[in-house]
Amino acid sequence: MTTNTTTQTGTSTQHGGAAAQHGRLNFARTAPKAFRALVGFDAAAREGLDPVLVELIQIRASHLNHCAYCLHMHTNDARKAGESEDRLHMVAVWREARHFFTEKEQAALALTEAVTLVAGSGVPDDVYARAAELFEEQELAQVLALIFAINTWNRLALSTAKRAGTDER
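Take 0 as the starting number for the sequence shown in numbering that gives the first Met the number 0 and just add one per residue.
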């Protein structure tokens, strides 16, 4: 992950909790091995995936987890990867705006929702089957790993009270 600069405090931050805010711990400093492992897992999860698909997955999971910090970061990253404003606005309501997304993107978004909300009803067989139909096995494994990673980042950012907009790089 790249280093970010917090404009209000002047402290360096990294995605997922390097700066303590609101009396919360600095996860990267306090648990550096765990933080580095998460950074490594995140990098491995992205390998071979289309950067735009990566951001769509991360944006949707961040919506569902109410993680403003990650949502801000990943919408900016999506723009840098060439994503359009129209599609960014439609991610949260992709089912009602399917024509904005490819079949593969729709399958990834559905799988993202199912895995992110897994406690509710598991991952439905039809959702998994559709993703397995459209992604090669290795690519599907990478998509799942990415979904696991962003859900972990969301929980880390929320638990350590990361503030949206402090991700300038």
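In this text, a Cβ means the ideal position worked out from N, Cα and C, and glycines have one as well.
Around the beta-carbon of A44, 16 or more other beta-carbon atoms lie within 10 Å, marking it buried. The beta carbon of D41 lies closer than 6 Å to those of A148 in the same chain, with the five residues before and after it left out. Exclusion of the five residues before and after L145 leaves A44, R45, L48, V53 and I56 as the residues of its chain whose Cβ lies within less than 7 Å of its Cβ. For E138 against R59, the beta-carbon gap comes to about 17 Å, at or over 8 Å, which does not count as contact. For the options A33, S61 and N25, the alpha carbon positioned closest to that of R154 is the one of S61. V142 sits close to L110, with the two beta carbons spaced by under 8 Å. Taking C-beta atoms as the reference points, A160 and R28 fail to come closer than 8 Å.
Taken in chain order, the complete alpha helix (DSSP H) segments of 4 residues or longer contained in the segment 104-167 are 117-120, 124-133 and 136-158. Annotation: the continuous alpha helix (DSSP H) that includes H88 extends over E84 to M89. Here DSSP, grouped into helix, strand and coil, assigns H71 to helix. Taking the Cα positions, G81 is about 7 Å away from V51. Exposure of V92 is indicated by the presence of fewer than 16 other C-beta atoms within 10 angstroms of its C-beta.
Where R59 is concerned, the enclosing alpha helix (DSSP H) starts and stops at P50 to L63. The alpha-carbon of R162 is positioned some 21 Å away from that of R35. The DSSP-derived three-state label of L24 is coil. Note on H73: 16 or more other CB atoms within 10 angstroms of its CB, so buried under the neighbour-count rule.
With respect to L63, L108 sits apart: the two C-beta atoms are not nearer than 8 Å.
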